[in-house]
Amino acid sequence: MTSLTQPLHDHHKHCDNLFAEAEEAAHKKRWPQCLESFRRFRGELEAHFSTEEQVLFPAFETASGMVAGPSQVMRFEHAQMRDLLGQIEQAATQQNLDQFSGSAETLLVLMQQHNMKEENILYPMCEQSLSGQGLSLVEPLKARVEAACPA
Amino acid sequence: MHPNLSFEQAPPVSVPYRFFLTAPLFGVAAGLLLVWLGESAVASRWSGGALALTHLLAVGFMLQAMTGAVMQFVPVAAGGNVWRPGLVANLIHPALAIGAGMLVAAFLVHESVLFRLAGAILLTTVGFLVVVVGAALLRTPARGATILSMRIAVFGLAVTALLGATLAEGLAGDASWPLVELANVHAGWGLGGWALMLLAGVSYYVVPMFQLTPAYPAVLSRWLAPILLVTLLLWSVQLGGQSPAWQQWVWRAGLAVGAGFAGVTLWLQQRRRRRVSDPTLLFFRGAMVCMIGLLLSAVVMTLVPSVAEHPRLPYWLGVLALPGVFVSAINGMLYKIVPFLNWLHLQRLMGIGMLPPNMKEMIAERAMVAQMRVHFAAVIFLLAGAIMPEIARVAGLVFAISCAMLGRNLIQAARFFRNFRDRIRAAAPNPAP
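Keeping their order, the protein sequence lines are chains R and X.
Be aware that the first sequence starts at 1021, since it is given in my numbering, and climbs by one per residue.
Be aware that the second sequence starts at 14, since it is given in my numbering, and climbs by one per residue.
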């Protein structure tokens, strides 16, 4: 059986692939292709963030009572990443490789350590807290992510 | 649930940075000591000079940098609450530096008091570190191969320090302990039980993260640490004072485990989804090639007995393991950790909606690449010293230059942080805490 948060795990990988595509295109100075890949990546990541912020985190906070805990930290990191996404898109629009690669590097490390914390710590906590009511949450979560990320 | 889960309790940036900035100084000292000692340092494993060099790198460089990394990694990546990290760093950082300096001096002047003092300081310091970090790792709700490896690594560090302090007492007094066997087991736990175990645990986490490689195969990440642990326990049988013939296969097995890990790491990096290359990737690759070089050396030693008996063979193996594997890997890691921590802490000071300069503006890639070239040149010169001992002094000089360049790059990053932080504070009288 697919676990509650498995679609989010899978979607992290999907976003990674789109990021790598955009970064490779930038280094080859194929800017139109870079912008296209980057915008797809940005859209997917935004869909991922809103799934967590609007569905998973509120359910976890209600079930666990941890309102100011890890989910709040994750929201803060989402905001940091949103700022960086704007900076990177601007660099791609201006075809500025130095700015693009430096900001992309920063986003990558921030995003990866964020994903690791979610996958290793927060998602297991969500599975534990929401195990009694999890089934009702699986479908909406999967639907949101799969809509953003057709396999 | 987990009321004590820290999750993002990154310690103040000064906690890891003091360790990171101190490590290269010991690297410079090691290079200069080799310049001073010349050929005599490479002639035997047991000379005071060779042991001083080994410990400048192992305790001075590696343990400093790895302590800083653990103080950062355990709370942030492993979800473990380190007890009062500021206070712990205030105590451990100077004690490690003083202990390392004293131990090196003891090897150089053969003074009993220095051995006893160094042994006591390092055992107490490492013991404290093991308790603090071990408690955090035991209490974390996080699970997985990284946590298991790190827990065993901390245990390995404790064993290394205990054996080291015993050796220091053995060298200070006239105890009739089996010092050669003690030294073999001490080195095994230090390199395999602590350093490799920690490197593997951290690699499961950072190798996929930095280069978007596939994850390490579960069978490797699950079994490497327990197999390495069993290998080290078998290796420790010689502490009884006798080294049975089968022990010769135990250290080879240990090297095979390390080379297996290195081979898988190279294979994963080959399959990375991120096509862009950077100094961290190349440092890691160099480290993994040296780890495989250790196993190849063991194969040659088995096939050609005259190589195994060569007096400079321990020096060759030591160069592959210390500057080759661990200094390279640490160097590469520092070039990701320090720019990222700069960015992260500055961003938090500025608040959402504002962005500090990006990671590549913290340490210029050009400076990192230049230092990396000097480092690998140093490793090649150092290895060549096993064949042509007369170039040992040149090798020492190149290594000292490489470590000085690393230190300069890290200091520039730390200065950048300080200056930018001061500017943020000057611009906003009441910044976010």
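Just so it is clear, CB atoms sit at the ideal spot from N, CA and C, and this is done for glycine as well.
| Asked | Found |
| --- | --- |
| Considering only residues of the same chain and omitting the five flanking positions on each side of R/Thr1025, which have a CB-CB separation below 7 angstroms? | Tyr1143, Cys1146, Glu1147 |
| Please report how far the alpha carbon of X/Asn422 lies from the alpha carbon of X/Val41, in whole angstroms. | 14 angstroms |
| At the level of alpha carbons, what is the spacing between X/Tyr30 and X/Ala377? | 18 angstroms |
| Threshold first: 4 residues or longer. Then list the alpha helix (DSSP H) segments lying entirely within the region 25 to 73 of chain X, N to C. | 27 to 50, 53 to 56, 61 to 68 |
| Following the continuous alpha helix (DSSP H) through X/Tyr229, name the residue where it begins and the one where it ends. | Segment: none, X/Tyr229 is in no alpha helix (DSSP H) and carries neither H nor E. |
| Which residues of chain R have a Cβ atom closer than 7 angstroms to the Cβ of X/Arg287, listed in chain order? | Ala1040, Glu1043 |
| Consult DSSP for X/Thr278 and reduce its assignment to one of helix, strand or coil. | helix |
| Determine the direct distance from the alpha carbon of X/Glu322 to that of X/Ala311, and round the result to whole angstroms. | 12 angstroms |
| Quick one, which of X/Thr138, X/Met346, X/Ala155 has its alpha-carbon nearest X/Ala78's? | X/Met346 |
| Nearest to R/Phe1096 by CA position, among R/Arg1062, R/Ser1151, R/Ser1070, R/Asp1036, is which residue? | R/Ser1070 |
| Inspect the beta-carbon positions of R/Ala1124 and R/Ile1108 and report whether they are closer than 7 angstroms. | yes |
| So which of X/Arg58, X/Leu38, X/Val72, X/Glu374 has the shortest CA-CA distance to X/Gly203? | X/Val72 |
| From X/Leu46 to R/Gly1089, what does the alpha carbon distance come to, in whole angstroms? | 51 angstroms |
| Check each candidate in X/Trp329, X/Ala54, X/Phe223 and name the one with the smallest Cα separation from X/Phe353. | X/Phe223 |
| Quick one: does the C-beta of X/Ala196 sit closer than 6 angstroms to a heavy atom of the ligand ZN? | What this structure holds is no ligand at all, so the ligand ZN is not there to describe. |
| To which residues of the same chain is R/His1032 closer than 6 angstroms at the C-beta, ignoring the five residues directly before and after it? | Asn1135 |
| Of all the CB atoms in chain R, is at least one closer than 7 angstroms to the CB of X/Met115? | no |
| Take X/Pro239 as the anchor and find which of X/Ala213, X/Trp262, X/Trp259, X/Val219 has the nearest alpha-carbon. | X/Ala213 |
| Tell me which residues of the region 386 to 412 of chain X have at least one Cβ-Cβ distance to chain R shorter than 9 angstroms, keeping chain order. | none |
| Threshold first: 4 residues or longer. Then list the alpha helix (DSSP H) segments lying entirely within the region 1072 to 1097 of chain R, N to C. | 1077 to 1084 |
| Can you grab the Cα-Cα spacing for the pair X/Ala441 / R/Gly1106, in whole Å? | 24 angstroms |
| Figure out for me which residue from X/Val48, X/Ala108, X/Val28 has the closest Cα to the Cα of X/Pro402. | X/Val48 |
| Establish whether the CB of X/Leu211 and some CB of chain R are separated by less than 7 angstroms. | no |
| Look up X/Gln255 in the DSSP assignment and say whether it is helix, strand or coil. | coil |
| Measuring straight from C-alpha to C-alpha, what distance separates X/Phe412 and X/Ser234? | 33 angstroms |
| Can you give, in chain order, each stretch of the beta strand (DSSP E) that sits fully within the region 1096 to 1160 of chain R and has at least 3 residues? | none |
| Should X/Met14 go down as buried or exposed, given a rule of 16 or more other Cβ atoms within 10 Å for buried? | Low per-residue confidence applies at X/Met14: pLDDT is 34, beneath 50, and the placement is therefore not dependable enough to give any value. |
| Using a Cβ-Cβ distance under 7 angstroms, would X/Phe39 count as near chain R? | no |
| R/Ser1156 to R/His1098, Cα distance in whole Å? | In this prediction, R/Ser1156 scores a pLDDT of 49, lower than 50, which makes its location untrustworthy; the coordinate-derived value is nonetheless stated afterwards. R/Ser1156 and R/His1098: Cα-Cα distance of roughly 25 angstroms. |
| Name the chain R residues that come within less than 8 angstroms of X/Ile365, Cβ to Cβ? | Phe1096, Ala1099, Gln1100, Asp1103 |
| Against X/Gln9, what residues of chain R qualify as contacts under a CB-to-CB distance less than 7 angstroms, listed in chain order? | Outside the shown range of chain X (14 to 446) lies residue 9 of chain X, about which nothing can therefore be said. |
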